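Participant: Please find one structure pasted underneath; my questions will follow.
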Amino acid sequence: MAGNQDQFEIKFLLIDGSDIGPRSFPAATSIATLKESILAQWPKDKENGPRTVKDVKLINAGKILDNNRTVGEECHSPLSDAPDKKAASKATQNKCVCVIL
């Protein structure tokens, strides 16, 4: 794959209803790296935020994501999985929403 097909646009929803993102990540990015990115972007005004990667749980489509897997392996969106014949020749960007607990 080339271009944006190797990218996932991910928006992280916090338990209080606020969010972080969306941001683009390569499909080869590990879930642990996503969590590190979340920690770096965590709103400073939020109390009791996570302190380490182990404190963050990412959920996509009802499944807790595994730190050792990649975004491309774990984040599947029904909107991005169905190929469009007209758009098949154009680069597309996958979208994913993860909930943080």
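Residue numbering for the sequence shown follows the UniProt record's numbering, starting at 1 and increasing by one per position. Using N, Cα and C, we set each Cβ at its ideal position, and we do this for glycine too. A quick note: this is a predicted structure, and the numbers were derived from the prediction, not measured.
1. Kindly indicate which three-state DSSP category E9 falls into: helix, strand or coil?
2. If you check the beta carbons only, do F8 and S24 fall under 9 Å apart?
3. For A27, which of D6, K63 and D55 has the nearest alpha-carbon?
4. Where K57 and D45 are concerned, what is the direct C-alpha to C-alpha distance, given to the nearest angstrom?
5. Just mark T35 as buried or exposed, buried being the case when its beta carbon has 16 or more other beta carbons within 10 Å.
Facilitator: Result, derived from the coordinates:
1. Three-state DSSP puts E9 in a strand.
2. Contact flag set, yes.
3. Put simply, of D6, K63 and D55 the residue whose alpha carbon is nearest the alpha carbon of A27 is D6.
4. Whole-angstrom Cα-Cα distance: 20 Å.
5. A quick correction: the sequence has Lys, not Thr, at residue 35. Result: buried.
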